[in-house]
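Shown next, in structure tokens, is the structure this report addresses.
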Amino acid sequence: MIKKDKRDKEIQQAEVLFSSYAIEIMQEEWMERVKFYIRLIGNHSLQGTVVGSVLDDALNVSGKMIRVRLLLLCSVFGSHWREKKDRLCILAAMVELTHLASLIHDDIIDDAPYRRGGKSLQNKYGKDAAVYAGDFLMARIYYYEAVEHLNESAAVLSKAVQSMCEGEIGQALCRYKENITVDEYFWNIRRKTASLFKAACHIGAAESGCSDEFVKKLETFGENLGMMFQLRDDLLDFISDKTETGKETHKDFRYGIYTYPVLAALKTERGKNLILPIMLENKQRMINNRRLAEMEEYVIQCGGIEATYKEIKRFAQKNKEILRGLNMDDETTRLIQELMKQLEV
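Pasting the structure below:
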């Protein structure tokens, strides 16, 4: 009974505090503080040198910083978020830098020429320099984790990096695998993409003093968001205007990475008959743009796009149920759902 009363009290506190505080924590002041710590953590003494230019480019923060915002929003569920402002912003910066380092390494593996509207680091400076720039960011993160005594949160972030590596290895081992299963696909993306979303939510909630039960709920919320994010990214490869995104058409398929729209289409007999031969051609590196265009049309015809929409909505519905269980007010729900909507299509 005592535990239930304590839990009810915590829910009531979260409901009262979260509405006005969530708005405050999303203000530009907090985001600018995170950017300050990104620059501080990535600081180096090589200004004016070629090496310094590489590191400065590596620190370019021009994305939506979704993981940062998640961490800060989840912190407001606890009672210590304001007094821990700097600590939370440092941790949010570390999460964003981890993400940036992973993007640098992804671009090297994928030989990606562009990132966020400009040349990728590996395209601009070469793969060797890009590898070490990504490593530099990770080394600076580890250094600040030690200096700031961020032991528990550092362990959560390190575990996320471990999971990201597991997912990338799993994906690499599944390249050109025509019989890859949906379970294998989900195993890979849960680790390579969703684990950092999960860690961001965990760190924000735990650092501000939330109970283990609350932390677990928000962890699950973050993981679901990460799954939505990856599914959305896979879907955009089929439905977005390539001239606007600047991405190579069907790069994943060309490199033997078969995403959910393709796997969903393969569940149909017609999909197998039409798409498998193209996958086998791809395995022999005999694919051309005409066949890729045919593959896209077959995926659409065989329900791959519709199935992916449904899967995104399935994870969104799971998160709506989690939000209802947290008993948040309308304004709080609106702020978090704004983040969710960015990950829907």
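Take any residue in the sequence shown, note its place counting from 1, add 11, and you have its number in our numbering.
For glycine and all other residues, C-beta sits at the position ideal for the given N, C-alpha and C.
Quick caveat, the model's predicted, so the values are computed rather than measured.
C-beta contact flag for MET76 and GLU40 at 8 Å: As a first step, residue 76 must be located in the sequence shown, where it is residue number 65. As a first step, residue 40 must be located in the sequence shown, where it is residue number 29. It is not a contact, given that the beta carbons lie outside the stated cut-off.
8 Å Cβ cutoff met for GLN182 and LYS203: On the sequence shown, position 171 is the one that residue 182 refers to. On the sequence shown, position 192 is the one that residue 203 refers to. Yes.
Segments assigned alpha helix (DSSP H), at least 4 residues, entirely inside the segment 225–312: 253–256, 262–265, 271–277, 280–294 and 300–312
Exposure of VAL310, with buried meaning 16 or more beta-carbon neighbours within 10 Å: Numbered from its first residue, the sequence shown carries residue 310 at position 299. By the 10 Å Cβ count, VAL310 comes out buried.
GLY220 (DSSP reduced to helix, strand or coil): By one-based count along the sequence shown, residue 220 stands at place 209. GLY220 falls in the coil class under three-state DSSP.
Those residues which DSSP pairs with TYR143 across a bridge: Stepping through the sequence shown from its first residue, residue 143 is reached at position 132. TYR143 is not bridged to any residue.
Spatially closest choice to VAL87 from ALA157, MET297, PHE225 and ALA144, by CA coordinates: By 1-based counting over the sequence shown, the position of residue 87 is 76. The shortest C-alpha separation from VAL87 is found at PHE225.
Option in ALA217, ALA144, GLU43 and ASP117 with minimal Cα separation from LEU66: Position 55 of the sequence shown, counted from the start, is the residue given in the question as residue 66. Ranking ALA217, ALA144, GLU43 and ASP117 by Cα distance to LEU66 puts ALA144 first.
Counted within 10 angstroms of its Cβ, other Cβ atoms place TYR155 as buried (16 or more) or exposed: Mapped onto the sequence shown, residue 155 falls at position 144. Classification for TYR155: buried.
Alpha-carbon to alpha-carbon, ASN71 and LYS46: Counting from one through the sequence shown, the residue named residue 46 turns up at place 35. Counting from one through the sequence shown, the residue named residue 71 turns up at place 60. Going from the Cα of LYS46 to the Cα of ASN71 covers about 10 Å.
Range covered by the alpha helix (DSSP H) that runs through TYR162: By 1-based counting over the sequence shown, the position of residue 162 is 151. Going by the sequence as given, residue 162 is Asn instead of Tyr. Counting along the chain, the alpha helix (DSSP H) containing ASN162 begins and ends at 162–184.
Inter-residue spacing [alpha-carbon to alpha-carbon] between SER164 and ILE214: Locating residue 164 in the sequence shown gives position 153, where the first residue counts as 1. Locating residue 214 in the sequence shown gives position 203, where the first residue counts as 1. C-alpha separation (whole angstroms): 6 Å.
Cβ neighbour criterion (16 or more within 10 Å) applied to LYS228: Looking up residue 228 in the sequence shown gives position 217. Label assigned to LYS228: buried.
CB contact flag (TYR271, THR231, <8 Å): The residue given as residue 271 occupies position 260 in the sequence shown. The residue given as residue 231 occupies position 220 in the sequence shown. Not a contact, by the Cβ cut-off of 8 Å.
Sequence-distant residues of its chain with Cβ nearer than 8 Å to ASN300 (five each side left out): The count along the sequence shown starts at 1 and reaches residue 300 at position 289. Cβ neighbours of ASN300 beyond the five flanking positions: THR260.
Where ARG50 falls, given that 16 or more other Cβ within 10 Å makes a residue buried: In the sequence shown, the residue the question calls residue 50 occupies position 39. Exposed: under 16 other Cβ atoms inside 10 Å.
GLY63 to LEU57 span [Cα, whole Å]: For the purposes of this step, residue 63 is identified with residue 52 of the sequence shown, where counting begins at 1. For the purposes of this step, residue 57 is identified with residue 46 of the sequence shown, where counting begins at 1. Their Cα atoms are separated by approximately 5 Å.
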